[in-house]
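Student: Okay, handing you the structure first.
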Amino acid sequence: HLVLVFQTLFAVAVTATALGGPSGELTNSTLYTLCRNSDLYDLLDTIVNYEARFNHRYHYDWVFLNDNPFDDNFKLLVSNAVSGTARFGLISEEMWEIPESVDRHVMEANIARVMADPEGPYPYADSLSYRKMCRFESGFFQWHPLLLEYDYFWRVEPGVKLHCDIPYDIFRHMVDNNFRYGFTISMLEYSKTIPTLFNSLWEVLDRSCQLELLNSDENYSNYILNVDSNSYSLCHFWTNFEIGDLNTFRSKEYSYLFNELDKYNGFFYERWGDAPVRTLILSLILKYPQITRFKDLGYQHDPYLQCPQDLTIRAANRCSCDTKLDITNKWFSCSWYNKRRDGVRRLIPKKPSLQ
Ligand code: GDP
Ligand code: MN
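If you use mature numbering (1 follows the signal peptide of the UniProt record, and there is no 0), the sequence shown corresponds to residues -18 to -1, 1 to 337, in order.
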């Protein structure tokens, strides 16, 4: 009996340690997924995986947003798979639909041009819903009534997979270290989707007397800049895995840059992705070291994955990935970013010429 009592006490102690970080409390955070009813089965696989690898120890809430109402089967199956509270939200037309300032003819002409590209169209070239999604994820998700209630979010997409246990409260890790944004994979964007994005940003910064931000040692400007050519490096955080501080996304600095960029209608006249738009803004407004890379996590969003090279870590966290497939050192990966703090001052970049 005594053994049993000790075992129970031990289990309670271990659970308490697992649940608590230094301050022993859960943070005001939620997992967050934007998806459609048709994503249900990929989504369930992912939820079961995230619960097993992480959330069954913490029971964080999970917010699901959709531009159409979720159906009853979806809500039932998803609610039962999540160990915390699953919350389902509808996105208003105002946050989702193409704004009136967009000239449909200009947009259609862009789509026609891209579809006729002799090298082939880039991914999602002719999808209007994809363009709406990118705009929503860049500047509106953080204002959705359900997400307004939280401080931190962890974005999850249907079909993604964690390859290793996360044996600590990753949200508390963000809060305690004062990190505002965390990612795993980072890579180069298709330049054809954003021909005028960097130019537009440059103009916004110029108009608002903030060009200094492109030449600062305090922020992440040297991650987004090709120092030699004054152009965008095309590096972006792969936003299908990200943990972020919602208050940063709701800050007046972020909102200003997003709203000004949005006026160029590049989400529709081109196909600006949420990843490069958010990366550019965050790299300018966040101060080193408020961005962190989770290099010890195993994570997959097809067709790429990150797999920790360190055998000790893989064994401890029961990783199931093959390090040969790890993207980190591929040529199109930007994971070198954290070696970039070279402290070399540049002149304020000249207005870039259009590519
Ligand atoms: P990719 O990762 O760039 O290939 O784009 P995805 O197709 O994975 O879309 C990104 C995220 O937005 C995923 O979580 C999708 O489920 C979601 N998503 C994309 N388009 C729509 C849409 O039209 N409606 C809704 N509700 N979600 C969408
Ligand atoms: Mn995806």
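We treat Cβ as the ideally placed atom computed from N, Cα and C, and that holds for glycine.
1) With a CB to CB cut of under 8 Å and the five nearest residues on each side skipped, what residues in its chain are close to Y32?
2) Tell me whether R189 is buried or exposed, calling it buried when 16 or more other Cβ atoms sit within 10 Å of its Cβ.
3) Near L187, what residues of its chain come up, given a Cβ to Cβ distance below 7 Å and the 5 sequence neighbours on each side ignored?
4) With burial defined as no fewer than 16 other Cβ atoms inside 10 Å of the residue's Cβ, what is the status of P285: buried or exposed?
5) Under 6 Å: does the beta carbon of E139 sit that close to some heavy atom of the ligand MN?
6) At the level of alpha carbons, what is the spacing between D256 and R39?
7) Which residue marks the beginning of the beta strand (DSSP E) containing E7, and which one marks its end?
8) My guess is that N299 and P149 are in contact by the Cβ rule of under 8 Å, so how many angstroms apart are they, rounded?
9) Measuring CA to CA, which of N229, D304, I225 is closest to H126?
10) With burial defined as no fewer than 16 other Cβ atoms inside 10 Å of the residue's Cβ, what is the status of L207: buried or exposed?
11) Within this structure, are the beta carbons of L47 and G71 separated by less than 7 Å?
12) Between which two residues does the alpha helix (DSSP H) holding K116 run?
13) I believe R154 touches L268 by the beta-carbon criterion, under 8 Å. Please report the beta-carbon distance rounded to the nearest angstrom.
14) Does DSSP classify V84 as helix, strand or coil?
15) Restricting to runs no shorter than 4 residues, where is the alpha helix (DSSP H) found entirely within the segment 142 to 173?
16) Considering only C-alpha positions, which residue in the set S61, I73, I80 is nearest to N247?
17) How many angstroms separate the CA atom of Q272 from the CA atom of T310?
18) Considering just the uninterrupted stretch of the beta strand (DSSP E) at V45, what are its terminal residues?
19) To the nearest whole angstrom, what separates the beta carbons of P290 and D278, a pair I think is in contact under 8 Å?
20) Please confirm whether R113 and R253 have their CB atoms less than 7 Å apart.
21) I need the DSSP call for S317, collapsed to helix, strand or coil.
22) Helix, strand or coil for S182 per DSSP?
23) Between I176 and F249, what straight-line distance do the alpha-carbon atoms span, to the nearest angstrom?
24) Taking the alpha helix (DSSP H) that Y236 belongs to, which residues open and close that run?
25) Sort P140, A94, P105 by Cα distance to D24 and report the nearest one.
26) Going by the CB atoms, is the gap between R69 and V45 shorter than 7 Å?
27) Express the C-alpha separation of T294 and E185 in angstroms, rounding to a whole number.
28) Excluding the 5 residues preceding and the 5 following P105 in the sequence, name in chain order all residues of the same chain whose CB lies nearer than 8 Å to its CB.
29) Can L16 be considered in contact with the ligand GDP, in the sense that its beta carbon sits closer than 6 Å to one or more heavy atoms?
Tutor: Reading off the structure:
1) L13, V138, L144
2) exposed
3) Only L193, L195, L196 meet the Cβ criterion.
4) Counting the other CB atoms within 10 Å of its CB gives P285 a total below 16, which places it among the exposed residues.
5) Yes, the ligand MN has a heavy atom inside 6 Å of this Cβ.
6) Taking C-alpha positions only, D256 is separated from R39 by approximately 31 Å.
7) Membership of E7 in any beta strand (DSSP E) is not indicated, and neither H nor E is assigned to it by DSSP.
8) 6 Å
9) N229
10) buried
11) It is a contact, given that the beta carbons lie within the stated cut-off.
12) Going by the sequence as given, residue 116 is Cys instead of Lys. Looking at the DSSP string, the run of the alpha helix (DSSP H) that includes C116 is 110 to 121.
13) In this structure R154 does not touch L268 by the C-beta definition: roughly 20 Å separates them, more than the 8 Å allowed.
14) coil
15) 152 to 158
16) N247 has its Cα closest to that of I80, out of S61, I73, I80.
17) Approximately 21 Å, taken between the alpha carbons.
18) 43 to 48
19) 5 Å
20) Taking 7 Å as the cut-off, the beta carbon of R113 is found closer than this to the beta carbon of R253.
21) helix
22) helix
23) 9 Å
24) 234 to 244
25) P140
26) yes
27) Rounded to whole angstroms, the gap between the alpha carbons of E185 and T294 is 48 Å.
28) Y172
29) yes
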